[in-house]
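For the protein sequence lines, the chains are A and B, in the order given. For this note's numbering, add 13 to where a residue sits in the first sequence, where the first one is 1. 71 is the number that this note's numbering gives to position 79 of the second sequence; each next residue is one higher, with no gaps. Don't be surprised by glycine CBs; every beta carbon is placed ideally from N, CA and C. Model, not experiment: these values are computed from the prediction. Everything below concerns the one structure shown next.
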Amino acid sequence: MSGRSPVDSLRGLAPVSDVEAAALFGAAGCEELLAEVTRLPFGRRARSRHAPRRRRRLVLAIAVVALAVTATAATWVVLNRAPARETTSVECVIKGVDTIIPSTSGDPAHDCAVEWRREFGSAPPLVAYANELGSVTVLPRSATPPAGWRTIHSQDVALIELQDSLDDVINGLNSSCLTSTAATKLAETKLAKFGFTGWTVSVRDQQDTNTPGSCTSMEVVDPVARSITLIAGGGLSAGGVSLELADRLRPLTRSCESLPAAVASVRAAAGNLGLSESARTYDLNAVTDNSLRCASIYETVGGTIFLTVRGPSR
Amino acid sequence: MGEGVAERRERFEVAYRELYEPICGYALRRVREPEDAAEAIAETFATLWRRFDRCPRGAELRPWLFGVARRVIANQRRGERRRTALGQRLVESFDQAAFDLLEPAPETNELARAFASLSESDRELLSLVAWEGLTREELAVALGTSRAAARLRLHRARRRLRDALAPTQNRFSGGAEHEWT
């Protein structure tokens, strides 16, 4: 053991080998994927529509029907189209690379510009479009959008905040290991807080989510069906420093600060844990919202730690 | 001027067959649910197909494709879980019973605990080296960054792993830093 480097030892932690992984999907899966992919239009993005998990069977059924009709790439463009305004992510095209970012401010071009600046220090003039799939794509103004796309200036801020607050590690579904009952209550509270009435909250796989050790930490927000579907996630999605940061930020969410003060407090808490914006161990988005009396702080995790602070300018 | 449809498809098929196993491995090593892994694999190869005229050729293609898969999975983790017919068709052939029989990686030793305590970006960096076998140069391609930046990030990730292993690091390194690539 003493002769092994850590990299050798890390190899032993790999949960599955390449060969095993490919075998699990089967030779037929490999061949079918090749056939399907090469049927896609070449050189043009043929996106899939974000489809909630609970609609999987329906999506599949319709996709199969569509396949029978057209047998083209259009078969994997699916369903449940919400108005682009009622989406909570932005496809930000940066130097030809598509990056899906969570919506933050409600102005998709602004959110994309923030991502540009993080990557390159500056952003060109940008324009947001509702694309043909009902989601939002932001392109440089110099780029010509495909036919049928129309400019869009805003997304539903309340919906974005609802999504943030549900995903939140500080006080949301990821703040502790919630049973389905507790998660349902929390989701109902969040809906009421952000003014969503007439919505329903349901739990997928209900029988699994009240068992000890099983956490309900994921959700699908569907503005068309006006529903939140909670999903058993098996455990907290965040860990280590993310949870430690959440513990330190939680007291701040109980105080009443302006946006600048809250941002300073968040930066201090992150800095004390050795986190750095410049190293992108976290991304901080500050959103001025003078309709609020006190700043809200949300922490979500995925790739890095996303911190969103909304609040009044003073 | 350009290659024909048949030639392009043939060239794509060669690349696909060479990279299918590594991309399946990459996805399934990082994504717990087979449905998400299938989506990541499908989206990665769909991206390769769409960009086949503009993506790197030769030795750079493999790390570049890991970079694509990395972004796809990062988007999934940001909440963009997609369910497409393409991914669904792949997951339909998934052998769940065999997957359940795979021996889980040890979770109790010091290295596993130290590795788990790192940030996701550090874990990804180290995994690209340890699991995908990328060199520093390939790491830069996968991360879409300069070699110097990749080297610096790797150095920091190694240091943080070493710090996390502090009580037991002599067992691995004898106190000296290892070359990881």
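Neighbourhood of residue i by C-beta distance below 6 angstroms, restricted to the same chain and skipping five residues each side
i: Arg306/A; result: none
i: Gln176/A; result: Thr101, Val234
i: Pro48/B; result: Trp56
i: Leu71/A; result: Confidence at Leu71/A is low in this model, with a pLDDT of 26, below 50, so its placement is unreliable and the value that follows should be read with caution. Closer than 6 angstroms at Cβ, skipping near neighbours: no residue.
i: Pro115/A; result: Ser102
i: Phe91/B; result: none
i: Phe44/B; result: Phe4
i: Leu204/A; result: Trp212
i: Ser309/A; result: Arg323
i: Phe86/B; result: Pro26
i: Ala251/A; result: Here the model assigns Ala251/A a pLDDT of 46, short of 50, so the residue's position is not dependable, and the following value carries that caveat. These residues qualify, in order along the chain: Val182, Asn187, Val314.
i: Ala259/A; result: Val182, Ile183, Glu312
i: Asp180/A; result: Thr313
i: Arg163/A; result: Ala143
i: Cys105/A; result: Thr112, Ile114, Cys125, Glu128, Val151
i: Ser50/B; result: Correcting the residue identity first, residue 50/B is Gly in this sequence and not Ser. Result list for Gly50/B: empty, nothing under 6 angstroms.
Beta strand (DSSP E) segment containing residue i, residue limits
i: Asn13/A; result: Residue coverage of chain A in this structure runs from 14 to 327, which leaves residue 13/A outside it and unanswerable.
i: Thr229/A; result: 229 to 235
i: Val214/A; result: 213 to 216
Beta-bridge partners of residue i, as assigned by DSSP
i: Thr321/A; result: Asn298/A, Tyr311/A
i: Ala141/A; result: Val151/A
i: Ser188/A; result: Ser188/A is not bridged to any residue.
i: Pro115/A; result: Ser102/A
i: Thr242/A; result: Ser215/A, Val233/A
Presumed contact (8 angstroms Cβ cut-off) between residue i and residue j, rounded CB distance
i: Ala32/B; j: Ile65/B; result: 5 angstroms
i: Leu103/B; j: Leu157/B; result: 7 angstroms
i: Ala196/A; j: Leu243/A; result: 5 angstroms
i: Arg152/B; j: Asp114/B; result: 6 angstroms
i: Ser167/A; j: Arg98/A; result: 7 angstroms
i: Val170/A; j: Gly119/A; result: 4 angstroms
i: Val276/A; j: Ala292/A; result: Contact flag wrong, Cβ pair sits at about 18 angstroms.
Same chain, Cβ closer than 8 angstroms to residue i, neighbours up to 5 away in sequence not counted
i: Leu37/A; result: Val29
i: Ser326/A; result: Ser271, Leu272, Pro273, Thr301, Asn303
i: Glu201/A; result: Val214
i: Val82/A; result: Its pLDDT being 25, under 50, Val82/A is placed unreliably by the model, and nothing is read from it.
i: Met14/A; result: Any reading at Met14/A needs caution, since the residue's pLDDT is 41, under 50, leaving its predicted position unreliable; the model's value is listed next. Within the same chain, Met14/A has no close Cβ partners at all.
i: Val279/A; result: Leu262, Leu265, Leu297, Ile310, Leu320, Val322
i: Gly253/A; result: none
i: Arg21/B; result: Ser119, Trp123
i: Arg66/A; result: Only weak support exists for where Arg66/A lies, its pLDDT of 28 falling under 50; the coordinates are left without a value.
i: Gln251/B; result: No answer is possible for residue 251/B: it lies beyond the span of chain B, which begins at -7 and ends at 173.
i: Gln236/B; result: Because chain B is modelled from -7 through 173, residue 236/B falls outside the range shown and cannot be assessed.
Residue i - containing alpha helix (DSSP H), residue span
i: Ile107/A; result: Not the alpha helix (DSSP H): Ile107/A falls in the beta strand (DSSP E), residues 102 to 107.
i: Thr266/A; result: 254 to 266
i: Thr202/A; result: 193 to 206
i: Asn285/A; result: 272 to 285
i: Ile173/A; result: 170 to 180
i: Ala156/A; result: No alpha helix (DSSP H) holds Ala156/A; DSSP gives it neither H nor E.
i: Cys43/A; result: 31 to 50
i: His166/A; result: Counting along the chain, His166/A falls outside any alpha helix (DSSP H), and DSSP gives it neither H nor E.
i: Arg21/B; result: -3 to 22
i: Arg150/B; result: 139 to 156
i: Thr36/B; result: 26 to 42
i: Asp45/B; result: Taken as a continuous stretch (DSSP letters only), Asp45/B belongs to no alpha helix (DSSP H), as it is neither H nor E.
i: Ser109/B; result: 102 to 109
i: Pro121/A; result: 121 to 133
i: Ala122/B; result: 112 to 122
i: Arg128/B; result: 128 to 135
i: Phe209/A; result: Here Phe209/A belongs to no alpha helix (DSSP H), and DSSP marks it neither H nor E.
i: Ala89/B; result: 88 to 93
Own chain residues within Cβ distance below 7 angstroms of residue i, not counting five before or after
i: Leu120/B; result: Phe58, Leu126, Leu131, Ala134
i: Arg7/A; result: Look at the range of chain A in this structure, 14 to 327, and you will see that residue 7/A is not part of it.
i: Val83/B; result: Pro26, Glu27, Ala30
i: Ala122/A; result: Leu139, Val140, Ala141, Val151
i: Tyr403/A; result: Beyond the ends of chain A as shown, which are 14 and 327, falls residue 403/A; an answer cannot be given.
i: Ala61/B; result: Ile15, Tyr18, Ala19, Ala32, Thr36
i: Leu11/B; result: Arg54, Leu57
i: Leu117/B; result: Arg145, Leu146, Ala149
Determine contact between the stretch 138 to 149 of chain B and the stretch 24 to 36 of chain B, defined as no fewer than three beta-carbon pairs at a distance below 8 angstroms.
Contact fails: fewer than three Cβ-Cβ distances are below 8 angstroms.
Across the stretch 147 to 167 of chain A and the stretch 295 to 304 of chain A, are there enough close Cβ pairs to call them in contact, namely three or more that are closer than 8 angstroms?
The stretch 147 to 167 of chain A makes no contact with the stretch 295 to 304 of chain A: fewer than 3 CB pairs, one atom from each, lie closer than 8 angstroms.
Three or more C-beta pairs below 8 angstroms linking the stretch 308 to 315 of chain A and the stretch 282 to 293 of chain A:
Cβ pair count under 8 angstroms is below three, so no.
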